[in-house]
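Each residue of the sequence shown is one higher than the last, beginning at 0 in numbering that gives the first Met the number 0.
Ideal Cβ positions, reconstructed from N, Cα and C, are used throughout, including at glycine.
Just below is one structure, and these are the notes that go with it.
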Amino acid sequence: MNNTIQLPDLQYEKSELEPVISAKTLEFHYGKHHAGYVTKLAKLIEGTDLEGESLEDIIRKTASDKTNVATFNNAAQIWNHSFYWRSLSPKGGGKPSGAIADLIDKSFGSYEKFREAFASAAARQFGSGWAWLVKEATGLRILTTTNAETPLVMPGVTALLTIDVWEHAYYLDYQNLRRTYIDGVIDRLLNWEFAARNLENAR
Ligand code: MN3
């Protein structure tokens with residue numbers, strides 16, 4: 000029995016991200032997909048030397064291990080989803096303020112330019128994946144990852160915010176209109192307080 004790998008509590012009710020993300024999407028995305036990764040990972044590591052390790056250590060140890068892709072995928076998806084739920088807030092969205100706003104201006108030219116770059120990167124990501132705002136030594140950068148790939152294992156990179164662009168994140172609410180989902184998340188849900196804490200911890 001592994002006690003370190005758990006489905007984290009949400010910081011809001013499932014209906015509180017409406018109308019951008021419906022309670023029904025949360026029921027499936029959090030309650031079935033995210034929970035499913037937790038159940039699968041527990042089975043995969045049971046009786047192995049990864050049992051009892053922290054989630055972060057399991058991800059780092061399996062990231063370049065081609066014989067353990069399933070463990071990496073499930074572990075990284077747990078981490079990515081936990082990060083995604085915290086990247087959203089019913090009181091979020093719009094233009095940030097403070098140190099992170101200054102860094103956005105410095106790195107992208109303006110909030111408006113950042114907003115368009117983030118939205119179009121998320122929309123262009125081919126197939127399943129994630130769009131990330133990250134901190135690097137030189138400033139902020141937008142990157143996308145495929146499937147379960149995660150900036151957690153990228154040297155010198157600290158994740159600040161993410162948007163899940165797997166179809167299961169938006170299909171119930173928007174069908175093929177990924178960009179509408181992305182625009183809603185950026186303008187109404189992005190949790191800049193979470194991003195600011197991540198930025199503070201990256202220094
Ligand atoms: Mn997802």
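Relative to the ligand MN3, is the shortest distance from any of its heavy atoms to the C-beta of residue i smaller than 8 Å?
i, result
"Ala22", "no"
"Gln10", "no"
"Ala168", "yes"
"Trp165", "yes"
"Gln76", "yes"
"Tyr173", "no"
"Tyr110", "no"
"Tyr83", "yes"
Which residue from the options puts its Cα closest to that of residue i?
i, options, result
"Asp101", "Trp165, Ile4, Ala195, Ser53", "Ala195"
"Glu15", "Lys90, Lys105, Leu139", "Lys90"
"Tyr180", "Glu12, Glu17, Asn79", "Glu17"
"Gly155", "Glu148, Asp182, Thr137, Thr66", "Thr137"
"Val19", "Leu198, Asn73, Ala168", "Ala168"
"Pro113", "Trp131, Ser127, Phe125", "A small fix is needed here, since residue 113 is Phe in this sequence, not Pro. Comparing Cα-Cα distances from Phe113 to each of Trp131, Ser127, Phe125, the minimum goes to Trp131."
"Asn73", "Gly35, Arg85, Ala98", "Gly35"
"Lys42", "Thr70, Ala62, Lys31", "Thr70"
"Glu115", "His33, Arg178, Thr3", "Arg178"
"Val164", "Ile103, Tyr83, Ser106", "Tyr83"
"Thr61", "Val152, Leu159, Asn190", "Val152"
At the level of alpha carbons, what is the spacing between residue i and residue j?
i, j, result
"Leu40", "Glu166", "22 Å"
"Ala121", "Asp48", "36 Å"
"Leu87", "Leu188", "5 Å"
"Leu142", "Trp129", "8 Å"
"Gln10", "Thr145", "26 Å"
"Asn1", "Gly51", "Because Asn1 carries a pLDDT of 46, less than 50, the predicted location of this residue cannot be relied on, and the following value inherits that uncertainty. Rounded to whole angstroms, Asn1 to Gly51 spans 6 Å at the Cα level."
"Val184", "Thr24", "14 Å"
"Asp182", "Arg123", "13 Å"
"Ala201", "Ile58", "19 Å"
"Tyr110", "Ser127", "26 Å"
"Thr149", "Asn175", "24 Å"
"Leu160", "Glu55", "17 Å"
"Asp186", "Ser63", "36 Å"
If you run the structure through DSSP and keep just helix, strand and coil, what is residue i?
i, result
"Ala158", "strand"
"Thr144", "strand"
"Leu132", "strand"
"Asp8", "coil"
"Asp182", "helix"
Whole runs of the alpha helix (DSSP H) within the region 59-128, excluding any shorter than 4 residues: Here the runs fully enclosed are 68-85, 98-107, 110-123.
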